[in-house]
Ligand SMILES: N[C@@H](CCC(=O)N[C@@H](CS)C(=O)NCC(=O)O)C(=O)O
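Residue numbers (the UniProt record's numbering): 1 to 211.
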């Protein structure tokens, strides 16, 4: 097995702590028992010094030996191929896992994040509110019927969907008990708790170094 390195920022302000997307990769590695280390790029120079590895100047990205990957979804799928804990082995189970990975990114996050950013800038009831509300209501109907998105078991698709849904502003949209129970169940998993605590500790240590 080659060595996994998750790349994130060396520091971020308080606001995004606990939500920087390296957490998705940490969480997946913790679920799968895959050893990894964490390396950083400087927050103060984030857009200029790693475009070769992440052409949009973002984190996370992943090194697996010589292989370098960006986009959290692609990194999660890569990790899922290394562990049955993250994705079933059978063709239908894999196809359904990938389907829901794309749904998390392409049907939910693609509207929830722009909506959330508009609310942060003070525009709480913005042009995207109806759209995000509709998508979350549709997802609530799915989660009312089952505990897991794919293969009747935990997969990396649940990890990703829960990470997309757990944004406090997104959780506060409407009353969606099945979605809320899903987020609670997923974020109570020891692997999530460890990944979350490790990210918080990483940025707290960075505060001390910057002081
Ligand atoms: N689609 C990308 C989004 C990555 C992303 O938005 N990363 C944030 C941190 S969570 C970032 O680097 N933001 C700084 C920026 O966009 O310049 C992925 O899923 O990896």
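Here a beta-carbon is modelled for each residue, glycine too, at the ideal position from N, C-alpha and C.
Remember, it's a predicted structure, so these values are computed and weren't measured experimentally.
- Item | Three-way DSSP call (helix, strand, coil) for residue 120 in this model | Position 120 of the chain shown holds residue 120. Residue state, collapsed to three classes: helix.
- Query: ligand 1 heavy atoms versus the CB of residue 58: any closer than 8 Å?
  - Reply: Position 58 of the chain shown, counted from the start, is the residue given in the question as residue 58. Yes.
- Message: Nearest by alpha-carbon distance to residue 141: which of 154, 167, 182, 125 is it?
- Response: Here the question's residue 141 lines up with position 141 in the chain shown. Comparing Cα-Cα distances from residue 141 to each of 154, 167, 182, 125, the minimum goes to 182.
- Determine the direct distance from the alpha carbon of residue 209 to that of residue 139, and round the result to whole angstroms. As a position in the chain shown, residue 139 is number 139, starting the count at 1. As a position in the chain shown, residue 209 is number 209, starting the count at 1. Approximately 42 Å, taken between the alpha carbons.
- Query: Just to confirm, are residue 155 and residue 100 a CB contact at a threshold of 9 Å?
  - Reply: The sequence position of residue 155 within the chain shown is 155, counting from 1. The sequence position of residue 100 within the chain shown is 100, counting from 1. Against a cut-off of 9 Å, the Cβ pair of residue 100 and residue 155 comes out as a contact.
- Item | C-alpha gap between residue 176 and residue 88, whole angstroms | By 1-based counting over the chain shown, the position of residue 176 is 176. By 1-based counting over the chain shown, the position of residue 88 is 88. Cα to Cα, the separation comes out at about 28 Å.
- Message: Helix, strand or coil, according to DSSP, for residue 164 in the structure here?
- Response: For the purposes of this step, residue 164 is identified with residue 164 of the chain shown, where counting begins at 1. Three-state result, residue 164: helix.
- Message: Here's the rule I'm using: 16 or more other beta-carbon atoms within 10 Å means buried, otherwise exposed. How should residue 14 be labelled?
- Response: Counting from 1 along the chain shown, the entry for residue 14 is found at position 14. With fewer than 16 Cβ atoms within 10 Å of its Cβ, residue 14 is classed as exposed.
- Task: Round the Cβ separation of residue 160 and residue 104 to the nearest angstrom and send it over; I've been treating them as touching at under 8 Å.
- Result: Translated into positions along the chain shown, residue 160 becomes position 160. Translated into positions along the chain shown, residue 104 becomes position 104. Indeed, because the Cβ distance is near 4 Å, the residues count as touching under 8 Å.
- Counting along the chain, where does the alpha helix (DSSP H) carrying residue 100 start and finish? Locating residue 100 in the chain shown gives position 100, where the first residue counts as 1. First-last of the alpha helix (DSSP H) with residue 100: 91-103.
- If you compare alpha carbons, which of 174, 41, 149, 113 is closest to residue 134? Position 134 of the chain shown, counted from the first residue, corresponds to residue 134. The shortest Cα separation from residue 134 among 174, 41, 149, 113 belongs to 174.
- Task: Could you pull the start and end residues of the beta strand (DSSP E) that residue 39 belongs to?
- Result: The residue you call residue 39 lines up with position 39 of the chain shown. 36-41 is the extent of the beta strand (DSSP E) around residue 39.
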